[in-house]
Each structure stands twice: as structure tokens, then as C-alpha cells.
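Below is one structure, written out as C-alpha cells; the observations come after it.
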Amino acid sequence: MGRAGAETALLELLKQIDQDEYEIFLYVLMGQGEMIKELPANVRLLNQSFSKLSVLTKKGRRRMAGTILLSFLRNGAFGSKLCSMFQSFASMAGNGNIQVSKLLWRVASKGARRFETHFDLAVAWLEGGSAYYVADHVNAYKKAAFIHTDYIRSGYTRVMDQACWEQYEEIFAVSEEVKRRFQAFYPEYKEKVSVFYNVIDSESITQRSKEEGGFSDDYDGARILTVGRLTYEKGHDIAIEAMMLLKNSGYMARWYVLGEGGQRGALERKIESLGLKEDFRLLGTVENPYPYYAQADIYVHTSRVEGRSVAILEAQTLGCAVIASDCCGNKEQIVNGRDGILCALNPHIVADSIERLIKDKEYRKELGRAAKAKKAPKGQLKKLLGLLS
Numbered sequence: 003m004g005r006a007g008a009e010t011a012l013l014e015l016l017k018q019i020d021q022d023e024y025e026i027f028l029y030v031l032m033g034q035g036e037m038i039k040e041l042p043a044n045v046r047l048l049n050q051s052f053s054k055l056s057v058l059t060k061k062g063r064r065r066m067a068g069t070i071l072l073s074f075l076r077n078g079a080f081g082s083k084l085c086s087m088f089q090s091f092a093s094m095a096g097n098g099n100i101q102v103s104k105l106l107w108r109v110a111s112k113g114a115r116r117f118e119t120h121f122d123l124a125v126a127w128l129e130g131g132s133a134y135y136v137a138d139h140v141n142a143y144k145k146a147a148f149i150h151t152d153y154i155r156s157g158y159t160r161v162m163d164q165a166c167w168e169q170y171e172e173i174f175a176v177s178e179e180v181k182r183r184f185q186a187f188y189p190e191y192k193e194k195v196s197v198f199y200n201v202i203d204s205e206s207i208t209q210r211s212k213e214e215g216g217f218s219d220d221y222d223g224a225r226i227l228t229v230g231r232l233t234y235e236k237g238h239d240i241a242i243e244a245m246m247l248l249k250n251s252g253y254m255a256r257w258y259v260l261g262e263g264g265q266r267g268a269l270e271r272k273i274e275s276l277g278l279k280e281d282f283r284l285l286g287t288v289e290n291p292y293p294y295y296a297q298a299d300i301y302v303h304t305s306r307v308e309g310r311s312v313a314i315l316e317a318q319t320l321g322c323a324v325i326a327s328d329c330c331g332n333k334e335q336i337v338n339g340r341d342g343i344l345c346a347l348n349p350h351i352v353a354d355s356i357e358r359l360i361k362d363k364e365y366r367k368e369l370g371r372a373a374k375a376k377k378a379p380k381g382q383l384k385k386l387l388g389l390l391s
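Right, dumping it as C-alpha cells:
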């Protein structure tokens, strides 16, 4: 339950479920994350203990390592757990895409708590550990899963998944492109997959954007904002290089990033080596990011891979002029040139796109107005709750 897009979307979905009609339980596989304090009061948390430490801080990562160790020791099956790690590593190596964090998902799922309760519907909100856990260890009449990422590029393999998707009645992808990519990976489950767009509360976002907060410096140039975890997938290294090009071209601009993650050290070194300590600022995570959106001149999303970005949805809701990389999920959220700009993930092209909006204030406003006028898809919740009928 760390502060990220998928978790934000989950909390909003839970808030929209009628508490008088449904009894809702939540089990968090890793039992950690600062966003747990935003859990609706009617949702029953099944974890025996829960840490509010961010999974992206050093202390939080140490706590997470302890959780994995406990998962290895709980429920026995030590040989099976070790075997799954070796098999996952071998299958990843065979694909030339080794992602260490994913090697432990089977250990986490096999070592998680088990419950005797027989649920009417069990939902795996994320691919990986939660999908394995719900498929193998949860008793339910029906099961559904959500896919938030480009499955072909994600690092998952058939060996890792162990046919877990066979256990699900419905598999929801958060965008059309995510759906297509999953179907290409698993054509045998093509008929199970449908699109379920992330849900956000536009009214709440608008109201919270008016609260105190936002930028605390007195900078009077163009403010550029990015919201996203400090990971390789989010492409912040490209953003830093684009900022260097803007600075060298003489533009008055300052770039701010809201987010935390394992790449902070590498990004800070890159910022310092390019002489951008005052120009590119890593602000960490904040409880209320919406005043920043409202006060920014341009929102830029330089992700290498994306499912369907909640950050872009939030920026559009608040009328930001959005520039985004032309990757999987982003291209479904922006009509290029009409309500935002899609560009190649290249520092020069990103910088050129920003330059255009800095110089043309009217066009910037036009994009922001069009973005704000976009209507969120309706009827998403019915797709999920319809499985109970």
C-alpha cells in the first residue's frame, strides 16, 4: 500500500462500493505502506500487523526484507519455495530480462497467511504475488484479477505464473493496450480479458487541490511537474537530460518531481553532475499532491512503460497541459495535439515539446482546457460487482 497509482486507484474503487450491500476484506501481501491510513473505515484489514513505513525508504525496504524472510519460514514448503526461485530465475534469464524483485513473488504468496473464510468474490488487484496468492490459496466462488502493466515487457514468464490465470473467471486490464499485450502473451485466455479503467474521484481531487500546500519556493519561471516513483520505468533520467537542454537554451524553468524510490541516489548523482541542483528537484512523496498540479505550468510524464497512468488522469482533471512519452498506456489517455502532447522518449524531443509550451502560453491553456473537459469512463464498478450476480 505504498503511494503509487495502482494503490490510489484501489482505494478509490473501495470507496465507491456500497458498504451497506457488500462486506469488504483486504489482505495486503507485504503488510506495509503509508496509504493504509486512507483505507475506508468499512473495509476490514485482515493483516495481523501492518507497518505504515513507505516501501520506498531504506527503513521500509529493511522491513520488507524481514517480511520476505518470514514468508519463507511460514507455512513450510521450503523446498518448493527455493525451487520456484530457481525456476523463475532460469526462465527470466532465458528471456534476457531478469528482475530480482519478481523472483520472490512465489515465496511471498506461499508464505502468506491463509484464511478459512469462503468468499463470494476474491480479487487480485496486482499481477505477480497477489495473483499467485488468490489463485492458489484463497477460497472463493469466483475470482477476478487486474493487470496494470505491459505483460510482455514486465519480466513475468509462464514458468513463474504456473498457469495461475486458469483460476480466474475474469481478468481486467486497465487499458486497451494492456489488454492486447496480455492477450498476445496468453492467447488461450483471450475471452477472459476485458478493460477496466482506473477510477478516480474528480470532485475530491479538485477540492483537495485548493488546500494549503504546493510549491514552497518563490520561483517565477515556468514550473514543470512530474509525479511518479523514482524507478527506471518512470524515465526520470531522460527528464533530467531534457532539463539540461532547456537550461542550456536559456529557458527560465524549474522541474519538480513528487515521488520516492530506489533510484534516488543515482538520480541525485546525475543531477549534481549536470549542475542542475537548483533546476531539477526531487521533493519526495507528499500526502496531498494536488496543489502542485494546480500550481504547475506544465505536467510531464516521461515513463518508459505504463499501464494507464493515474498521475496523468489527475493532471488532466486539474487542467494541466500534459506532455507524455508515446508509450503503451499514455497514448490512450491523450489525443496528441488536442488535449496534450505525445512525444518520443528522447531528451531532445521532450525538451522541444516543453519549449513549445513555454513559448506559446495560449496553446498551453488550450491543451489544459481540453484535458479538463475529458470525461471519465462510467460503469466500471458494475463490471466487477456483476461477477456476484
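Straight run, no breaks: the sequence shown in this note's numbering ends on number 391. No residue lacks a Cβ here, since even glycine has one placed at the ideal position from N, Cα and C. Source: prediction; values computed, not measured.
Distance from the CA of L347 to the CA of T304, rounded to the nearest whole angstrom, comes to 7 Å. Counting C-beta atoms within 10 angstroms of its own C-beta, T69 has 16 or more neighbours from the protein chains shown and is therefore classed as buried. If you check the CB distance, V324 and I314 come in under 8 Å. Following the DSSP letters along the chain, one finds D122 inside the beta strand (DSSP E) bounded by residues F121 to A126. Remark: fewer than three beta-carbon pairs, one from each stretch, lie closer than 8 Å, so the region 150-157 and the region 75-87 are not flagged as touching. Within the region 211-268, complete beta strand (DSSP E) segments of at least 3 residues are found at 224-229 and 255-260, given in chain order. If you ignore the 5 residues before and after R210, its C-beta comes within less than 7 Å of the C-beta of N290 and Y292, all in its own chain and listed in chain order.
With 16 or more other CB atoms across the displayed protein chains lying within 10 angstroms of its CB, R310 is buried. Residue pairing by DSSP places F27 opposite R46 in a beta bridge.
Assignment of beta-bridge partners to E172 by DSSP yields A146. In the DSSP annotation of this structure, the continuous segment of the beta strand (DSSP E) that includes A326 starts and ends at V324 to S327. Taking 8 Å as the upper bound for CB-CB distance, V180 and F198 are not in contact here, some 10 Å apart. Contact between the region 201-217 and the region 7-25 is present: 3 or more CB-CB pairs across the two stretches fall below 8 Å. Straight across, the Cα-Cα distance linking S82 with R76 is about 13 Å. Sorting L359, G223 and C330 by C-alpha distance to the C-alpha of H150 places C330 at the top. Scanning its chain for C-beta atoms nearer than 6 Å, with the 5 sequence neighbours on each side dropped, one finds around A317 the residues Y295, Y301 and V324, in chain order. One Cα belongs to V57, the other to E262, and the distance between them is close to 9 Å.
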